[in-house]
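Participant: Quick one: the structure is below, questions incoming.
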Amino acid sequence: MTITPQQLIALLPLLIVGLTVVVVMLSIAWRRNHFLNATLSVLGLNAALISLWFVGQNGAMDVTPLIRVDGYAMLYTGLVLLASLATCTFAYPWLEGYKDNKEEFYLLVLIAALGGILLAGANHLAALFLGIELISLPLFGLVGYAFRQKRSLEASIKYTILSAVASSFLLFGMALVYANSGNLSFLALGKSLTDGMLHEPLLLAGLGLMIVGLGFKLSLVPFHLWTPDVYQGAPAPVSTFLATASKIAIFGVSCACSSICRWATARRYAWCWA
């Protein structure tokens with residue numbers, strides 16, 4: 001596969017945040033410096049945010065079968081980056097008084113932001129699952145970051161177990177949808193599903209399981225019972241990230257997923273970027 005300059009420009013936010021993750025990892029390995037790593041993280045997120053202007057000049061395109069970059073994806077990418085930037089900023093004074101390792105906090109936030117950006121541009125059920133796991137796994141560590149406090153550790157264990165169960169529901173639902181339709185692309189699914197297919201038990205079961213998995217991630221009733229315990233036990237900056245960046249990214253991809261349904265159009269919410 002040949003990668004064109006236009007495709008690289010379309011992926012700039014993803015590439016910049018990914019590069020920032022590598023730089024922060026190397027910085028931690030070389031020398032632990034809270035201010036330096038916080039600055040690198042903030043600069044990387046700001047650079048990714050600025051790069052959205054160049055992405056906008058590039059126009060909408062399907063970069064790969066998994067990712068589509070358009071105005072809709074840019075909107076949610078920008079919101080995820082802003083929420084991640086706010087989290088890093090608010091976390092700095094809290095981490096100054098934290099006695100254990102501080103630098104890994106920024107690394108986990110950056111990896112979660114990477115998952116959020118992937119979700120914002122997801123155009124395929126495989127990209128949806130990868131993005132959700134990439135944003136969820138760092139949150140296990142972030143929720144339990146104040147591990148010397150029992151309630152933080154308890155919240156992390158609860159979130160890990162329940163998130164794993166929700167991911168299982170989501171993955172099983174995707175498998176049933178694929179078994180029925182033979183496609184994983186949002187656009188292909190939207191075109192292949194007819195009125196008659198929407199009444200098939202296998203497809204309905206798959207979509208139902210996917211709704212359960214996404215409902216947990218979005219804290220939708222009745223899958224919201226984990227939320228008070230986790231938000232109370234997690235450090236305040238982590239609760240901020242959970243309530244903003246995580247929800248924004250998953251809400252965005254959930255809206256894109258609705259193109260699977262018969263009544264949704266193949267183009268994703270053109271009113272957001274027309």
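Be aware that the sequence shown starts at 1, since it is given in the UniProt record's numbering, and climbs by one per residue.
Just so you know, even glycine gets a beta-carbon here, dropped at the ideal spot from N, CA and C.
Candidates LEU139, LEU209 and GLY78: which alpha carbon is nearest PHE172's?
Facilitator: Answer by Cα proximity: LEU209.
Participant: I'd like the span of the alpha helix (DSSP H) that includes ARG151, first residue to last.
Facilitator: Here the alpha helix (DSSP H) through ARG151 covers 150-181.
Participant: Could you pull the start and end residues of the alpha helix (DSSP H) that ALA60 belongs to?
Facilitator: It is not in any alpha helix (DSSP H) - ALA60 carries neither H nor E in the DSSP assignment.
Participant: Find out if the Cβ-Cβ distance for the pair ASN183, GLU200 is shorter than 8 Å.
Facilitator: No, they are not a contact pair.
Participant: Going by C-alpha distance, which of GLY131, ILE50 and LEU108 is nearest ILE248?
Facilitator: Among GLY131, ILE50 and LEU108, the Cα nearest to that of ILE248 is on GLY131.
Participant: For PRO222, count neighbouring Cβ atoms within 10 angstroms of its own Cβ and tell me buried if that reaches 16, exposed if not.
Facilitator: It counts as exposed.
Participant: For ILE67, which three-state DSSP category applies?
Facilitator: Strand at ILE67.
Participant: Output the distance between the C-alpha atoms of LEU11 and TRP30, rounded to the nearest integer angstrom.
Facilitator: About 29 Å.
Participant: Of the residues GLN6, GLN7 and VAL17, which one's Cα is nearest the Cα of ILE111?
Facilitator: Minimum Cα distance to ILE111 is reached at VAL17.
Participant: Of the residues ILE161, PHE105 and PHE251, which one's Cα is nearest the Cα of ASN33?
Facilitator: Comparing Cα positions, the closest option is PHE105.
Participant: In this structure, how does DSSP classify ILE248 when only helix, strand and coil are distinguished?
Facilitator: Correct three-state label for ILE248: helix.
Participant: Per DSSP, what kind of secondary structure is ALA122 in: helix, strand or coil?
Facilitator: Looking at ALA122 - three-state DSSP - the assignment turns out to be strand.
Participant: Specify whether the segment 61-79 and the segment 95-103 touch according to this definition: at least 3 beta carbon pairs, one from each stretch, less than 8 Å apart.
Facilitator: No, the segment 61-79 does not touch the segment 95-103.
Participant: On a CA-only basis, which of MET174, HIS224, LEU26 and PHE169 is nearest CYS257? Give me that one, please.
Facilitator: For the residues MET174, HIS224, LEU26 and PHE169, the minimum Cα distance to CYS257 belongs to MET174.
Participant: Return yes when the Cβ of VAL230 is within less than 8 Å of the Cβ of TYR159, no when it is not.
Facilitator: Cβ atoms of TYR159 and VAL230: closer than 8 Å.
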